[in-house]
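Chain order of the listed sequences is W and L. So the first sequence is numbered by the working numbering: it starts at 62 and just counts up by one. So the second sequence is numbered by the working numbering: it starts at 62 and just counts up by one. A quick write-up on the structure given underneath.
There are 2 protein chains.
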Amino acid sequence: MAEVQLQTQTRADEAFDCLQTAIVKGDLAPGEKIGEVELCSRFNLTRGPLREALGRLESRGLLVRRPHAGVKVVSVSADELIELYRIREVMEGLAARQAAERMTDEEIRDLRATLDSHETMIEEARGQAYYQAEGDYDFHHRIATGSRNTKLAQMLLGDLYYMVRMYRYRLSTSAGRPHMALGEHRRIVEAIAQRDGELAEFLMKRHINAARQNIEKKIQEGVLTI
Amino acid sequence: MAEVQLQTQTRADEAFDCLQTAIVKGDLAPGEKIGEVELCSRFNLTRGPLREALGRLESRGLLVRRPHAGVKVVSVSADELIELYRIREVMEGLAARQAAERMTDEEIRDLRATLDSHETMIEEARGQAYYQAEGDYDFHHRIATGSRNTKLAQMLLGDLYYMVRMYRYRLSTSAGRPHMALGEHRRIVEAIAQRDGELAEFLMKRHINAARQNIEKKIQEGVLTI
DNA sequence: GTACGCTGTATTGTTGACAATCCGTGTGTT
DNA sequence: AACACACGGATTGTCAACAATACAGCGTAC
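Written out as structure tokens, the structure reads:
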């Protein structure tokens with residue numbers, strides 16, 4: 062609830078960020094109808110910038126708007142969540158391949174260091190949740206930007222990840238999954254280090270496939286209800 | 062310049078459509094800086110709805126905005142155009158595979174009929190440009206929606222195609238390319254009709270790969286300067 | 001008893017004026 | 001002559017009031 066805010070960006074940007082994180086974190090539940098004036102008082106904004114932010118969020122598919130009828134947070138069904146992973150599979154596969162061709166040696170070093178820090182975190186057994194939520198995101202983030210494909214990174218970071226994280230927040234991680242995921246990450250990085258784009262793509266696709274199957278299993282078990 | 066307009070949608074939607082088509086058609090040149098008041102008088106709007114539309118367009122990557130410094134149409138470099146086709150390759154490959162699994166028999170019939178009409182258009186030699194510009198778009202549009210993957214269709218139809226069409230408008234089609242593209246389309250449809258998702262994906266990826274190479278060649282020849 | 005239509009209220013969409021910020025131009029200095 | 005700084009104008013960002021529309025509740029007709 063800090064009143065201090067970066068003055069460099071505009072209020073509309075601020076509203077956009079606030080709403081986006083609120084939706085992703087679940088403070089605004091999926092399917093929830095939200096009034097403009099309520100949001101204004103909640104985030105200390107006026108309706109002008111707010112509406113601009115709402116337009117952007119609608120365009121990104123995080124909420125739906127019906128004329129004169131209000132705006133409500135998008136609710137993604139279980140099937141649609143699975144579909145999201147199918148998209149990630151092909152797009153991040155491409156990102157991994159291009160990253161193998163274009164990442165600098167320095168970036169690869171940083172990537173390895175990131176995985177090392179993740180490993181210690183997991184071994185110390187504190188912060189499994191952190192690893193799953195933020196560490197995994199960090200890894201994929203670096204690959205996306207490392208692809209040097211502006212539009213690809215934009216679509217992954219700006220569209221897909223937010224929708225996935227929106228559900229990952231309420232998704233408890235399976236027992237051995239973080240450790241297994243880390244191993245998969247390591248192999249992907251090694252393929253990138255060897256500049257083997259084809260292998261990196263294959264491994265990344267398999268990695269996301271495994272994550273998808275993990276979620277599918279949970280949904281069938283009824284652990285995750287959407 | 063028709064004054065009549067659908068009253069069902071809001072002014073912001075109208076502004077969004079107007080600007081989007083203006084950018085795609087080239088009425089607003091890439092890199093061109095545009096003032097808000099000028100746009101208002103040009104499209105008979107006020108600044109409120111206009112700004113909302115600008116926010117949406119920025120979010121989709123069709124224009125960039127610097128705070129207090131104005132907004133200008135995004136200019137995509139030749140390299141970035143190529144990267145767009147790399148993205149299309151994997152995403153439309155996925156779309157073709159899922160379309161093969163999920164399209165109804167009726168949709169497949171319609172798709173075949175569409176290709177037939179394209180064929181007569183090409184043979185009559187009138188409307189090569191039409192085929193390349195709109196017919197091709199029509200084909201890929203149907204595949205995307207036929208995938209039954211909401212987000213995938215949204216990303217293809219809402220993001221990628223507009224950026225591609227923005228440059229296709231000034232791209233003269235190669236001599237024999239439309240006829241060859243039609244043949245590739247036919248083979249993709251047959252794979253879908255046989256419910257062979259793997260093959261459909263492969264053929265679609267190769268199809269877009271060919272289109273990309275066609276553009277790369279033109280850029281190297283200096284025919285297309287971006 | 002149910003279905004249809006009407007009206008009131010609350011919410012959204014729009015407008016025009018006001019405030020904050022940046023860019024170009026001009027002048028002064030080195 | 002070239003650079004730095006400051007000022008004015010123009011443009012963007014923000015605000016609060018006005019108009020238009022949809023939803024809910026009630027009444028009436030069938």
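Backbone N, C-alpha and C define an ideal beta-carbon position, used for all residues, glycine too. Note that the structure is predicted; figures quoted are calculated from it, not measured.
Point to revise | residue 134 (chain L) to residue 241 (chain W) span [Cα, whole Å] | key: What you label residue 134 (chain L) is simply residue 73 of the second sequence in a count that begins at 1. What you label residue 241 (chain W) is simply residue 180 of the first sequence in a count that begins at 1. When rounded, the distance between both Cα atoms is 45 Å.
Point to revise | Per-residue DSSP class, three states only, for residue 62 (chain L) | key: The residue you call residue 62 (chain L) lines up with position 1 of the second sequence. Residue placement at residue 62 (chain L) is poorly supported in this model, since its pLDDT is 34, which falls under 50; the coordinates still yield a value, given next. Correct three-state label for residue 62 (chain L): coil.
Point to revise | Option nearest residue 229 (chain W) by Cα separation, candidates W:114, W:251 and W:137 | key: Taking the first sequence and counting its residues from 1, the one referred to as residue 229 (chain W) is at position 168. Out of W:114, W:251 and W:137, W:137 has the C-alpha closest to the C-alpha of residue 229 (chain W).
Point to revise | When L:213, L:256 and L:171 are compared against residue 199 (chain L), the one with the closest alpha-carbon | key: Within the second sequence, the letter at position 138 stands for residue 199 (chain L). Checking every option, the nearest Cα to that of residue 199 (chain L) belongs to L:171.
Review point. Is any heavy atom of the ligand PLP found at a distance shorter than 7 Å from the C-beta of residue 93 (chain W)?
Key: In the structure on display, the ligand PLP does not appear, and there are no ligands present to speak of.
**Study point:** Range covered by the alpha helix (DSSP H) that runs through residue 225 (chain W)
**Key:** In the first sequence, residue 225 (chain W) corresponds to position 164, counting from 1. From DSSP, the alpha helix (DSSP H) with residue 225 (chain W) extends over 222-229.
Exercise for review: Using a Cβ-Cβ cut-off of 8 Å, state whether residue 102 (chain W) counts as contacting chain L.
Suggested key: As a first step, residue 102 (chain W) is located in the first sequence; it is residue number 41 there, counting from the start. False, the Cβ-Cβ gap to chain L never drops below 8 Å.
Check your understanding: Where does the unbroken alpha helix (DSSP H) through residue 131 (chain L) begin, and where does it stop?
Key -> In the second sequence, the residue the question calls residue 131 (chain L) occupies position 70. Per DSSP, residue 131 (chain L) belongs to no alpha helix (DSSP H); it is in the beta strand (DSSP E), 131-134.
Point to revise | DSSP state of residue 123 (chain L) mapped onto helix, strand, coil | key: Your numbering for residue 123 (chain L) matches position 62 in the second sequence. The answer is coil: DSSP assigns residue 123 (chain L) none of H, G, I, E or B.
Practice item. May I ask you to list the residues that DSSP assigns as paired with residue 94 (chain L)? Key: Reading the second sequence from its first residue, position 33 is the one you call residue 94 (chain L). L:133.
**Study point:** Residue closest to residue 96 (chain L), alpha-carbon to alpha-carbon, out of L:130, L:85, L:82 and L:182
**Key:** Numbered from its first residue, the second sequence carries residue 96 (chain L) at position 35. Here the closest residue by C-alpha is L:130.
**Study point:** Cβ-based neighbour list, residue 74 (chain W), same chain, cut-off 7 Å, excluding 5 preceding and 5 following
**Key:** On the first sequence, residue 74 (chain W) is found 13 positions in, with the first residue counted as 1. Result list for residue 74 (chain W): empty, nothing under 7 Å.
Point to revise | Chain-order list of residues whose beta-carbon lies under 7 Å from that of residue 113 (chain W) (same chain, five-residue window excluded) | key: Position 52 of the first sequence, counting from 1, holds the residue named residue 113 (chain W). Same-chain partners within the cutoff: 73.
Practice item. Following the continuous alpha helix (DSSP H) through residue 154 (chain W), name the residue where it begins and the one where it ends. Key: Here residue 154 (chain W) refers to the residue found at position 93 when the first sequence is read from its first residue. Start and end: 139-163.
Point to revise | Interface partners of residue 113 (chain L) on chain W, CB under 7 Å | key: For the purposes of this step, residue 113 (chain L) is taken as residue 52 along the second sequence, with counting starting at 1. 112, 113 and 116, listed in chain order.
Review point. Just checking, does the stretch 149-159 of chain L make contact with the stretch 145-152 of chain W on the three C-beta pairs under 8 Å criterion?
Key: yes
Review point. In the stretch 156-169 of chain W, which residues sit with their C-beta less than 8 Å from some C-beta in chain L, listed in chain order?
Key: 159
**Study point:** Residue from W:78, W:175, W:252 and W:274 whose Cα sits closest to the Cα of residue 154 (chain W)
**Key:** On the first sequence, position 93 is the one that residue 154 (chain W) refers to. Nearest option by C-alpha distance: W:252.
Check your understanding: Hey, would you say residue 176 (chain W) sits closer than 8 Å to residue 268 (chain W), going by beta carbons?
Key -> The residue given as residue 176 (chain W) occupies position 115 in the first sequence. The residue given as residue 268 (chain W) occupies position 207 in the first sequence. In this structure, residue 268 (chain W) does not lie closer than 8 Å to residue 176 (chain W) by Cβ.
Review point. How many Å lie between residue 169 (chain W) and residue 276 (chain L) at the Cα?
Key: Working through the first sequence from its first residue, we reach residue 169 (chain W) at position 108. Working through the second sequence from its first residue, we reach residue 276 (chain L) at position 215. Whole-angstrom Cα-Cα distance: 32 Å.
Point to revise | N-terminal and C-terminal residue of the alpha helix (DSSP H) that residue 178 (chain L) is part of | key: Counted from its first residue, the second sequence places residue 178 (chain L) at position 117. From DSSP, the alpha helix (DSSP H) with residue 178 (chain L) extends over 166-184.
Exercise for review: State yes or no: is the C-beta of residue 164 (chain L) within less than 8 Å of the C-beta of residue 207 (chain L)?
Suggested key: Sequence index remark: in the second sequence, residue 164 (chain L) carries index 103 (1-based). Sequence index remark: in the second sequence, residue 207 (chain L) carries index 146 (1-based). Closer than 8 Å, so yes.
Practice item. Measure from the alpha carbon of residue 132 (chain L) to the alpha carbon of each residue in L:217, L:100, L:105 and L:142, then state which is nearest. Key: Here residue 132 (chain L) refers to the residue found at position 71 of the second sequence. Checked all of L:217, L:100, L:105 and L:142; the closest Cα to residue 132 (chain L) is L:100.
Check your understanding: residue 320 (chain W) and residue 118 (chain W): beta carbons closer than 8 Å?
Key -> A question about residue 320 (chain W) goes unanswered here, because the residues of chain W that appear run from 62 up to 287.
Practice item. Kindly list the residues whose CB is nearer than 7 Å to the CB of residue 107 (chain L), restricted to its own chain and excluding five residues on each side of it in sequence; keep chain order. Key: Counted from its first residue, the second sequence places residue 107 (chain L) at position 46. So the list reads 101, once near-sequence residues are dropped.
Point to revise | Cutoff 8 Å: residue 178 (chain L) Cβ touching any chain W Cβ | key: Here residue 178 (chain L) refers to the residue found at position 117 of the second sequence. So no, residue 178 (chain L) is outside the interface.
**Study point:** Cβ-Cβ separation, residue 179 (chain L) to residue 16 (chain L) (assumed contact under 8 Å), whole Å
**Key:** As displayed, chain L neither begins before 62 nor continues past 287, which places residue 16 (chain L) out of reach and without an answer.
Check your understanding: Can you give the Cα-Cα distance for residue 98 (chain L) and residue 212 (chain W), rounded to whole angstroms?
Key -> For the purposes of this step, residue 98 (chain L) is identified with residue 37 of the second sequence, where counting begins at 1. For the purposes of this step, residue 212 (chain W) is identified with residue 151 of the first sequence, where counting begins at 1. If you take the alpha carbons of residue 98 (chain L) and residue 212 (chain W), they lie about 30 Å apart.
Practice item. Give a yes or no on whether the C-beta atoms belonging to residue 128 (chain L) and residue 215 (chain W) are separated by under 8 Å. Key: Here residue 128 (chain L) is taken as the residue at index 67 of the second sequence, counted from 1. Here residue 215 (chain W) is taken as the residue at index 154 of the first sequence, counted from 1. No, the Cβ-Cβ distance between residue 128 (chain L) and residue 215 (chain W) is not below 8 Å.
Exercise for review: Could you tell me whether the Cβ atoms of residue 151 (chain L) and residue 152 (chain W) are closer together than 8 Å?
Suggested key: As a working mapping, residue 151 (chain L) is identified with position 90 in the second sequence. As a working mapping, residue 152 (chain W) is identified with position 91 in the first sequence. Cβ distance < 8 Å, so residue 151 (chain L) and residue 152 (chain W) count as in contact.
Review point. Is the shortest distance between the beta-carbon of residue 211 (chain L) and the beta-carbons of chain W less than 8 Å?
Key: Walking along the second sequence from the start, residue 211 (chain L) turns up at place 150. So yes, residue 211 (chain L) belongs to the interface.
Check your understanding: So what's residue 118 (chain L) in DSSP terms, helix, strand or just coil?
Key -> For the purposes of this step, residue 118 (chain L) is taken as residue 57 along the second sequence, with counting starting at 1. Here residue 118 (chain L) sits in helix by DSSP.
Practice item. Compute the Euclidean distance between the alpha carbons of residue 78 (chain L) and residue 91 (chain L), then round it to the nearest angstrom. Key: Sequence index remark: in the second sequence, residue 78 (chain L) carries index 17 (1-based). Sequence index remark: in the second sequence, residue 91 (chain L) carries index 30 (1-based). The alpha-carbon atoms of residue 78 (chain L) and residue 91 (chain L) are separated by roughly 17 Å.
Exercise for review: Name the residue from L:197, L:139 and L:120 whose alpha carbon lies nearest to the alpha carbon of residue 282 (chain L).
Suggested key: Taking the first residue of the second sequence as 1, we reach residue 282 (chain L) at position 221. The candidate whose alpha carbon is nearest that of residue 282 (chain L) is L:139.
Check your understanding: Cα separation between residue 86 (chain L) and residue 227 (chain L)?
Key -> Here residue 86 (chain L) corresponds to residue number 25 of the second sequence, with the count starting at 1. Here residue 227 (chain L) corresponds to residue number 166 of the second sequence, with the count starting at 1. Distance between the alpha carbons of residue 86 (chain L) and residue 227 (chain L) is about 6 Å.
Review point. For residue 210 (chain W), does the count of other Cβ atoms within 10 angstroms reach 16, so buried, or fall short, so exposed?
Key: Along the first sequence, read from residue 1 onward, the residue named residue 210 (chain W) stands at position 149. Counting Cβ neighbours within 10 Å, residue 210 (chain W) comes out buried, since at least 16 surround it.
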